[in-house]
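Notes follow once the structure below has been shown.
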Amino acid sequence: MRQIRFENVTKSFDGELILNKLNLTIPAGQFFALLGPSGCGKTTLLRLLAGFETVDSGKIYLGDQDITYEPIYKRKINTVFQQYALFPHLSVFENVAYSLRLKKLKENVILEKVNDVLKTVRLLGFQSKSINSLSGGQQQRVALARAIVSEPDVLLLDEPLAALDPRLKEKVLIDLINLQDKLKTTFLYVTHDQFEALTVADQMSILNLEGNIEQMGTPKEIYEFPASKFVASFVGSTNFLEGVLRVQDDKMLVEVEELGRFFVFTPIKKDWLIPGCRLFMGIRPEKIFISKKEITEFSNHLVGKVNNIIYYGRSTQYDVRLRNGKMLTVFEQNEEHFPQQEIDYYDQVNLYFQKENVTLLDH
Ligand SMILES: Nc1ncnc2c1ncn2[C@@H]1O[C@H](COP(=O)(O)OP(=O)(O)OP(=O)(O)O)[C@@H](O)[C@H]1O
Ligand SMILES: [Mg+2]
């Protein structure tokens, strides 16, 4: 198994720069997710890797092998596209068998291989069905079976669940995780849906609209320690409060105009973090505790007025207007019910957060 490496890859279309000296290493045998906003160049990156497009400059390696200009058929890379592009006039079996027939394998070998993968994707018994008689989720599994039957080194998945409804999506995501676990093939999964990326990935990276990788790490690292304002707001949601960094008795504080001083803490050293610098505090909505009562065990305290309440069933969102006019979003899990703490529109509330739950982000 071999890792994939993009080295200074640049690609433009009609004079517009899409990927700009992009560097990215995808470890072998992992479930890797590439996440980024629509139009940032994710599909382009996959097409370069599969050989459907060529780079303007830079190199692509599979292990030590330079595959930048390798023809498509020589790369052991298969793709599952958003539109599954199955052959509607062929049966499930023949759709999966197609690439094996092109290779002129013996009939008994084809039979064994196809039945093997159909079992893997839980479609045994569907061999003779026509594609049109299958549900969206079943078609998706045929597309997967067709892509893995030729045992590629790398499987590229370009938003493969876009056509599925949310409930089925969750199920198929778990199927995909189990499949990768079993095959140990490198999966490169491309999506603009942060939920999908966080769910499936061993590691993930974020591609920005400038055509660069903004951050790479495990889903937890990316979520807990976003490296930039872009990542913090693209992966999950984040409240930003702008201020100036101060140091007092060896403790770090951020001074926010009209709101006061807040204790902050960061385990990660950053060059730009020097006293007096302007920065943003990033605070996840679920890390803020909302209460009508005053409590003392938190590092930081704010007051505000409830402007909006959205009930989601398992959680409730409160939008709270602060003294400086800024709105903070708070998520509260609806796990317990305290009637004495019922919070209503226009109530004055206390907001609490711990210094460890503040991410310090470059201005
Ligand atoms: N063959 C092409 N010719 C001209 N422009 C193209 C071509 N392919 C892609 N582009 C442009 O390159 C940019 C990136 O496209 P790409 O399909 O890679 O985005 P994406 O990140 O996959 O977006 P999405 O999440 O919407 O699928 C877009 O502005 C697109 O219009
Ligand atoms: Mg795309």
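Letter by letter, the sequence shown follows residues 801 to 1163 in my numbering. All residues carry an ideal CB built from backbone N, CA and C; glycine is no exception.
Q: With Q940 as the anchor, note down where its alpha helix (DSSP H) starts and where it stops.
A: 936-948
Q: Pull up the distance between the alpha-carbon of F1062 and that of F1025, whole angstroms please.
A: 19 Å
Q.
Closer than 7 Å to a non-hydrogen atom of ligand 1 - does that hold for the CB of E951?
A. no
Q | Beta carbon of E959 nearer than 8 Å to that of Q1015 | A | no
Q) Nearest to Y861 by CA position, among T879, D1002, E807, K1105, is which residue? A) E807
Q: Helix, strand or coil for L1059, going by three-state DSSP, please let me know.
A: coil
Q) Is G858 closer than 8 Å to R802 when the C-beta atoms are compared? A) no
Q.
Considering only heavy atoms of ligand 1, does any lie closer than 7 Å to the CB of C1077?
A. no
Q: Decide yes or no for the touch test of the region 982-1002 against the region 1120-1134: beta carbon pairs closer than 8 Å, at least 3 of them.
A: no
Q: Could you pull out every residue in the same chain whose Cβ sits closer than 7 Å to the Cβ of S812, ignoring the five residues on either side in sequence?
A: I818, D856
**Q.** Counterpart residues of I1088 in DSSP-defined beta bridges
**A.** Answer by DSSP bridge pairing: none, since I1088 is not bridged.
Q | Distance, V1158 Cα to E894 Cα | A | 55 Å
Q. Rounded to a whole number of angstroms, what is the C-alpha to C-alpha distance between V1031 and K1051?
A. 26 Å
**Q.** Rounded separation between I826 and I867 - CA only
**A.** 15 Å
**Q.** By C-beta, the residues closer than 5 Å to any heavy atom of ligand 1, given in chain order
**A.** F813, I818, S838, G839, C840, G841, K842, T843, T844, H992
Q. Any chance the CB of M996 is under 7 Å from a heavy atom of ligand 2?
A. Contrary to the premise, residue 996 reads as Glu rather than Met in this sequence. Checking every heavy atom of ligand 2 against the Cβ of E996, none is found closer than 7 Å.
Q.
Using 8 Å as the cut-off, can you tell me whether the region 972-992 makes contact with the region 899-917, which would need three or more C-beta pairs spanning the two stretches below that distance?
A. no
Q | Coarse secondary structure for S1033, derived from DSSP in three states | A | helix
**Q.** Where L886 falls, given that 16 or more other Cβ within 10 Å makes a residue buried
**A.** buried
**Q.** Whole beta strand (DSSP E) elements within the region 1104-1141, 3-residue minimum
**A.** 1115-1122, 1127-1133
Q | Nearest-angstrom Cβ-Cβ length linking F987 and F832, presumed shorter than 8 Å | A | 7 Å
Q: Return helix, strand or coil for T1159, following the three-state DSSP convention.
A: strand
Q) Which stretch, first to last residue, makes up the alpha helix (DSSP H) that contains D981? A) 966-983
Q.
Does V1000 come out as helix, strand or coil in the three-state DSSP assignment?
A. helix
Q: Classify M1081 as buried or exposed, calling it buried when 16 or more other Cβ atoms lie within 10 Å of its own Cβ.
A: buried
**Q.** Distance between L845 and L824 (C-alpha atoms, nearest Å)
**A.** 11 Å
(Q) So if DSSP puts A833 in a beta bridge, which residue, or which two residues, is it bridged to? (A) Y989, M1004
Q. How do the region 1096-1107 and the region 1147-1157 stand: do at least 3 beta-carbon pairs fall below 8 Å, yes or no?
A. yes
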